[in-house]
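Residue numbers (my numbering): 6 to 57. Yeah, the Cβ is synthetic: ideal placement off N, Cα and C, and Gly gets one too. Please read these numbers as outputs of a predicted model, since none were measured by experiment.
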């Protein structure tokens, strides 16, 4: 079974760029965006958060 992240990335291929961040290695980024659990999906347009 594919992961949620993999399925999302496959379905959105060519529509948007999907990035994956290791919140254990990027704890400052995780804290900044208040990521409490994974997976967390956040959509941005021109550096503005549109959806979470």
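Report task. Taking only the alpha-carbon atoms, compute the straight-line gap between residue 55 and residue 8 and give it to the nearest angstrom. Result -> Indexing the chain shown from 1 puts residue 55 at position 50. Indexing the chain shown from 1 puts residue 8 at position 3. Computed Cα separation, rounded: 23 Å.
Query raised in the report: Which residues bound the alpha helix (DSSP H) around residue 36?
Result: Within the chain shown, the letter at position 31 stands for residue 36. 32-37 is the extent of the alpha helix (DSSP H) around residue 36.
**Report entry** Separation of residue 12 from residue 6, as counted between CA atoms
**Finding:** Walking along the chain shown from the start, residue 6 turns up at place 1. Walking along the chain shown from the start, residue 12 turns up at place 7. The pLDDT assigned to residue 6 is 41, lower than 50, so where the model puts this residue is not dependable; a value taken from the coordinates is nonetheless given after this. If I take the Cα positions, the gap works out to 10 Å.
Query raised in the report: Within the 8 Å Cβ cut-off, does residue 25 reach chain C?
Result: This model lacks chain C altogether, as it is built from one protein chain only.
Query raised in the report: Run through DSSP, which three-state label would residue 46 get?
Result: As a first step, residue 46 must be located in the chain shown, where it is residue number 41. DSSP, read as helix, strand or coil, puts residue 46 in coil.
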